[in-house]
Amino acid sequence: MSSTKFYKNNCSTCRIITKEWCYIWGNGIYSLVKDKIFMGQSQAPPVHFKWLWKSCCQKRHKVFFGLLSHDGLNTRNLLNRKNLHLQSYNCVCCQLNAEETLRHLFFECHFAQSCWDNICPQRTRNTEVYDALHDIHRKIDSICAIEIIIIAAWAIWITRNNMVFNQIQPTIQQWRSTFKKEFALVVQRAKFSIAIAAQSWIDTNVFL
Numbered sequence: 792m793s794s795t796k797f798y799k800n801n802c803s804t805c806r807i808i809t810k811e812w813c814y815i816w817g818n819g820i821y822s823l824v825k826d827k828i829f830m831g832q833s834q835a836p837p838v839h840f841k842w843l844w845k846s847c848c849q850k851r852h853k854v855f856f857g858l859l860s861h862d863g864l865n866t867r868n869l870l871n872r873k874n875l876h877l878q879s880y881n882c883v884c885c886q887l888n889a890e891e892t893l894r895h896l897f898f899e900c901h902f903a904q905s906c907w908d909n910i911c912p913q914r915t916r917n918t919e920v921y922d923a924l925h926d927i928h929r930k931i932d933s934i935c936a937i938e939i940i941i942i943a944a945w946a947i948w949i950t951r952n953n954m955v956f957n958q959i960q961p962t963i964q965q966w967r968s969t970f971k972k973e974f975a976l977v978v979q980r981a982k983f984s985i986a987i988a989a990q991s992w993i994d995t996n997v998f999l
């Protein structure tokens with residue numbers, strides 16, 4: 792990817808001044824020197840990337856969570872923004888007649904809220920996706936918190952897809968079954984200390 796495309800695609804490298812696009816150095820004129828200076832600077836990655844890199848989840852789970860973190864999953868809202876025609880853009884997991892945005896599907900939908908109640912009932916409600924993930928991670932008392940979050944979200948996504956493609960009505964029992972099956976794979980892959988913590992968390996979680 793060229794530097795110009797990188798800057799235009801990365802919101803953290805540009806800003807809006809009087810409604811005009813500009814580079815991070817304050818104007819719309821490209822400079823190779825300033826480009827190299829900026830690219831050479833150390834940029835701290837978002838904290839959830841560090842969680843992801845250390846996670847014991849499978850690669851498919853990690854890719855999924857990376858997309859979730861950056862609104863890259865093909866929710867109906869995203870398909871609408873891509874100008875793909877659907878009969879409905881509403882969430883299929885609830886009866887709220889609400890558009891299936893990333894935030895709604897994973898945190899505002901009644902079905903999703905019931906799922907998270909099994910994982911972290913004391914979480915803060917009505918927050919943005921990034922804040923919600925951090926809040927749940929902070930409140931789950933386990934060293935395998937990120938694995939729990941990733942698999943919980945994955946199970947919501949799989950349950951949603953079963954409704955979309957197989958017309959299987961989403962239920963908490965179906966979500967729990969998917970969560971347990973996928974989380975068991977995490978336990979098998981994890982190093983000993985995390986595997987023990989993960990199994991202990993499952994054994995003590997009365998909801999599961």
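Residue 825 in the numbering used here is what sits at position 34 of the sequence shown, and the numbering runs on without skipping anything.
Beta carbons: idealized from backbone N, C-alpha and C, even for Gly.
Identity of the residues DSSP links to E890 by a beta bridge: In DSSP, E890 forms a bridge with N881.
Cβ pair R872, E891 closer than 8 Å: Not in contact: R872 and E891 (Cβ atoms no closer than 8 Å).
DSSP-derived helix/strand/coil call for Y821: It is coil, neither helix nor strand.
DSSP state of H876 mapped onto helix, strand, coil: It is coil, neither helix nor strand.
Short Cβ contact (8 Å threshold) for E973 with S846: Taking C-beta atoms as the reference points, E973 and S846 fail to come closer than 8 Å.
C906, enclosing alpha helix (DSSP H) - first and last residue: For C906, the enclosing alpha helix (DSSP H) covers residues 901 to 910.
Which of helix, strand or coil DSSP assigns to G857: Here G857 sits in helix by DSSP.
E973, enclosing alpha helix (DSSP H) - first and last residue: DSSP places E973 in the uninterrupted alpha helix (DSSP H) bounded by 963 to 980.
Buried or exposed (CB count within 10 angstroms, at least 16 for buried), R894: By the neighbour-count rule (16 or more Cβ atoms within 10 Å), R894 is buried.
Rounded Cβ spacing between H839 and W945 (contact assumed at less than 8 Å): In fact, because the Cβ distance is near 15 Å, the residues do not count as touching under 8 Å.
N868 - DSSP class collapsed to helix/strand/coil: In the structure shown, N868 sits in a helix (DSSP, three-state: H, G or I).
Supposed close pair Q990, V978 - CB separation, criterion 8 Å: With a beta-carbon spacing of about 6 Å, Q990 and V978 fall inside the 8 Å limit used to define contacts.
Q990, DSSP secondary structure in three states: Assigned with DSSP and collapsed to three states, Q990 falls in helix.
Through-space distance from F897 to D862, alpha-carbon basis: Whole-angstrom Cα-Cα distance: 11 Å.
Straight-line Cα distance separating Y814 from V955: When rounded, the distance between both Cα atoms is 41 Å.
Beta-carbon spacing of F970, A943 below 8 Å: Result yes, Cβ atoms of F970 and A943 sit closer than 8 Å.
Spatial neighbours of R980 in its chain, beta-carbon cut-off 6 Å, leaving aside the 5 residues before and after: Hits under 6 Å: C847.
For S933, the three-state DSSP class (helix, strand or coil): The answer is coil: DSSP assigns S933 none of H, G, I, E or B.
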